[in-house]
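**Student:** This is the structure I want to talk about, given as structure tokens.
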Amino acid sequence: MDEKWVVAKFLYKRALTGKRVFREMTPEIRVIIFPKFSAKEFAKKRIHKVKEGKETVITALQNPYRNYKEYLRENYKKGGWFVKDEKEIKIAGLPAVRKIIEVSRKMAGETKASDYLYAWEIHYPDATYVIQFEIIANYVKKFRAPIKGAARSFKPIPRTEDLKTPTATGATIRIKKIDPNSKGTEASTSPEGRRRIRKAKLAKIITKAKKSLPPGWAFYQKKPFVYLYNQKVGIRFVKRVAKQSNMLWKWLHQNLDFIGQDYAVGGVIRICNSAAEANAYIDTSGKNAYSARTREVVIYKDRDWGFDDISWYLNAGITQRFLADKNERLWYSLPPWLDDGFTYYIKNFKPKNG
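Residues in the sequence shown are numbered from 32 upward in steps of one, following this note's numbering.
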């Protein structure tokens, strides 16, 4: 996954339903890392400019969360949370703090619903690791013993490489101020040149995505898209998604090709087995259902409402990819009323006999 502070996620095999209120939630274990750093040192190095020929490279260090408390504040602010119990312990000989946290769902309209977080903050010399288990309140007793056992199984392993950076909990952003007149840049090439550059970038993205597929996942290719899918959804469903995607791509070219001289080159469509799996992939990744940087559209197999409901997100993501390639400036300059109306129109696209 792309985020550097969430290093692992594990989902329970199925969603659980609340007893006092109808609400479904899939229990999740998350491992989060917070490298220790000096705030003064971070402030000095956060923005760094270097001249590389005619280009100015600006390096900006990301620092999404300084500690677990800040992580909780940002990720659970919609409903509110409070620490019910806190205790200092040791895990594998390392100092740790065990916390039991209640997360309210009142702000989401679920007045009687709440979740529980069981968290263990384990302190390394250069970083704090947090094992966080989130579950709907009604099932705390059933899972309490297994999750405590999982936390106790944590073992320190000697690090063979340094952390990403001593002053940041995230990756480094490189922003290039490009001279439009310099040769070899995407900004200075012809539409055909930009197409070649985009295709080369997409090829790298696809190669990396295929290599990092988790167990139980596979890929299916039908140009201009590559479909990465959880095999539980079935190849028949994948081919249905591919049919819809290609029909829409063809329609976009036939009806909107006039908006720009550039070429749209396709992308990656990731098909998850459930909403919980899709949300776990998207959540805290700096992603949403569509990611321009990875050229990904993320959907899932909706077994409750069927294909029609999830095809909305598929259509919207593909259209955004097409328009961003064809005329990025026009796409991002659309007024909200036109953007919303056009998106709604596209979301309802359905192929004949589909």
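Ideal Cβ positions, reconstructed from N, Cα and C, are used throughout, including at glycine.
If you measure between the beta carbons of residue 222 and residue 155, is that distance less than 8 angstroms?
**Tutor:** Not closer than 8 angstroms, so no.
**Student:** Is residue 185 helix, strand or coil when you go by DSSP?
**Tutor:** DSSP places residue 185 in coil when its eight states are reduced to three.
**Student:** Looking at residue 151 and residue 134, is the spacing between their C-beta atoms short of 8 angstroms?
**Tutor:** No, the Cβ-Cβ distance between residue 134 and residue 151 is not below 8 angstroms.
**Student:** Straight-line CA distance for residue 182 to residue 176?
**Tutor:** Cα to Cα, residue 182 sits roughly 10 angstroms from residue 176.
**Student:** Of the choices 361, 220, 100, 166, whose alpha-carbon is the least far from that of residue 289?
**Tutor:** Here the closest residue by C-alpha is 361.
**Student:** As a quick exercise: from 376, 162, 359, 38, pick the residue whose alpha carbon is nearest that of residue 342.
**Tutor:** Comparing Cα-Cα distances from residue 342 to each of 376, 162, 359, 38, the minimum goes to 376.
**Student:** Just reading off the alpha helix (DSSP H) that residue 399 is part of, what are its end residues?
**Tutor:** Because residue 399 is not part of the residues shown, which for the chain are 32 to 385, the question remains open.
**Student:** CB residue 352 to CB residue 265, shorter than 8 angstroms?
**Tutor:** Their beta carbons are not under 8 angstroms apart, which means residue 352 does not touch residue 265 by this criterion.
**Student:** Alpha carbon to alpha carbon, how far is residue 232 from residue 369? Give it in angstroms, no decimals.
**Tutor:** Their backbone Cα atoms lie some 30 angstroms apart in a straight line.
**Student:** For residue 55, count neighbouring Cβ atoms within 10 angstroms of its own Cβ and tell me buried if that reaches 16, exposed if not.
**Tutor:** The residue in question, residue 55, is exposed, as its Cβ has fewer than 16 Cβ neighbours within 10 Å.
**Student:** State buried or exposed for residue 104, treating a residue as buried only when at least 16 other CB atoms are found within 10 Å of its CB.
**Tutor:** Residue 104 comes out exposed.
**Student:** Which word fits residue 8, buried or exposed, when buried means at least 16 other C-beta atoms lie within 10 angstroms of its C-beta?
**Tutor:** Residue 8 lies beyond the residue range present for the chain, which begins at 32 and ends at 385; the question has no answer from this structure.
**Student:** Just verifying my parser: in three-state terms, what is the DSSP assignment at residue 157?
**Tutor:** Reduced to three states, the DSSP call for residue 157 is coil.
**Student:** Among all the DSSP beta bridges, which residues are the ones paired with residue 56?
**Tutor:** Paired residues: 47.
**Student:** Would you call the CB atoms of residue 260 and residue 313 closer than 8 angstroms?
**Tutor:** No, the Cβ-Cβ distance between residue 260 and residue 313 is not below 8 angstroms.
**Student:** What's the C-alpha gap between residue 379 and residue 248?
**Tutor:** Using only the alpha carbons, I get a separation of about 29 angstroms.
**Student:** Under 8 angstroms, do residue 153 and residue 159 count as touching if we go by C-beta distance?
**Tutor:** A contact, by the Cβ cut-off of 8 angstroms.
**Student:** Counting C-beta neighbours from all protein chains within 10 Å, is the total for residue 238 16 or more, i.e. buried, or is it exposed?
**Tutor:** Looking at its Cβ environment, which holds fewer than 16 other Cβ atoms inside 10 Å, residue 238 is exposed.
**Student:** Apply the 10 Å Cβ neighbour rule to residue 130 and answer buried if 16 or more other Cβ atoms are within range, or exposed otherwise.
**Tutor:** Burial call: buried.
**Student:** Considering residue 301, what are the terminal residues of the beta strand (DSSP E) in which it resides?
**Tutor:** Taken as a continuous stretch (DSSP letters only), the beta strand (DSSP E) holding residue 301 covers 298-303.
**Student:** In three-state DSSP terms, what is residue 259?
**Tutor:** DSSP places residue 259 in strand when its eight states are reduced to three.
**Student:** Do residue 374 and residue 283 have their C-beta atoms closer together than 8 angstroms?
**Tutor:** Their beta carbons are not under 8 angstroms apart, which means residue 374 does not touch residue 283 by this criterion.
**Student:** For residue 115, which residues from the same chain have a beta carbon less than 8 angstroms from its beta carbon, with the 5 sequence-adjacent residues on both sides left out?
**Tutor:** So the list reads 131, 132, 133, once near-sequence residues are dropped.
**Student:** Go through its chain and collect everything with a Cβ distance to residue 263's Cβ below 6 angstroms, but skip five positions before and after it.
**Tutor:** Excluding residues within five positions, the ones whose Cβ falls inside 6 angstroms are 304.
**Student:** Taking the C-alpha atoms as reference points, what is the distance between residue 276 and residue 345?
**Tutor:** In a straight line, the C-alpha of residue 276 is about 8 angstroms away from that of residue 345.
**Student:** According to DSSP, simplified to helix, strand and coil, what is residue 136?
**Tutor:** DSSP places residue 136 in coil when its eight states are reduced to three.
**Student:** On a CA-only basis, which of 292, 269, 256, 119 is nearest residue 280? Give me that one, please.
**Tutor:** Comparing Cα positions, the closest option is 256.
**Student:** Using CA atoms only, rank isn't needed, just tell me which of 278, 335, 347, 171 is closest to residue 372.
**Tutor:** Closest by alpha carbon: 347.
**Student:** Using alpha carbons as the reference points, say which of 43, 64, 49 lies closest to residue 57.
**Tutor:** Taking only the C-alpha atoms, the option nearest residue 57 is 43.
**Student:** First and last residue of the beta strand (DSSP E) that includes residue 249?
**Tutor:** Looking at the DSSP string, the run of the beta strand (DSSP E) that includes residue 249 is 248-253.
**Student:** I'd like the list of long-range same chain contacts for residue 240, defined as Cβ closer than 7 angstroms, with 5 residues on each side in sequence excluded.
**Tutor:** Excluding sequence neighbours, residue 240 sits near 259, 299.
**Student:** Tell me the residue span of the alpha helix (DSSP H) that contains residue 232.
**Tutor:** From DSSP, the alpha helix (DSSP H) with residue 232 extends over 222-242.
**Student:** Name the two residues that bound the continuous alpha helix (DSSP H) containing residue 288.
**Tutor:** Premise fails: residue 288 is in no alpha helix (DSSP H) and is neither H nor E.
**Student:** What residue from 118, 36, 329 has the CA that sits closest to residue 308's CA?
**Tutor:** It is 329.
**Student:** Locate the alpha helix (DSSP H) running through residue 368, then write down its first and last residues.
**Tutor:** Counting along the chain, the alpha helix (DSSP H) containing residue 368 begins and ends at 367-378.
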